[in-house]
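Numbering (this note's numbering), first residue to last: 493 to 652.
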């Protein structure tokens, strides 16, 4: 059963490993994103980039999820799409290629809705194309978690 706060909302109390897999209660896991974390857009992107560079897309997803839950409603699709792509990368790391393809496809579709706009300096079209290319690699049996994380990280950096 999942830990919940006083209002009944799920909490992130269970320790997790570097791939975001739950560990037994009382185990020492990697640091987690606090339940009350409310980053600015810049903070969320900076932290997500650091986590991706460290090979921790699950934790990058948690940061992006915190932004989608606390940021402006008009940016919800942006942050959800970014978080879904990071969860897709997590599934590649865990060997769940069907789950990875599904999440990468959903994330790409959310970002595609932004067209050629560049919120926060991000080239979302290029990021969606990258997610689609990773999905094609999965379909062809060529999925590589390290390369996939690096490709997304490269596109998550704001353009000039």
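Even glycine gets a Cβ: it sits at the ideal position worked out from N, Cα and C.
Just so you know, these numbers come straight off a predicted model, no measurement behind them.
For residue 592 and residue 649, the gap between their C-alpha atoms comes out near 22 Å.
Residue 545 places its beta carbon 8 Å or farther from that of residue 585. Pairing residue 564 with residue 571, the inter-Cα distance amounts to about 10 Å. Beta-bridge partners of residue 514 (DSSP): 508. Under the three-state reduction of DSSP output, residue 531 falls in the coil class, being neither helix nor strand.
In terms of CA proximity to residue 548, 575 leads the group 530, 631, 575, 566. Cβ neighbours of residue 533 within its own chain (closer than 6 Å, five residues either side excluded): 612.
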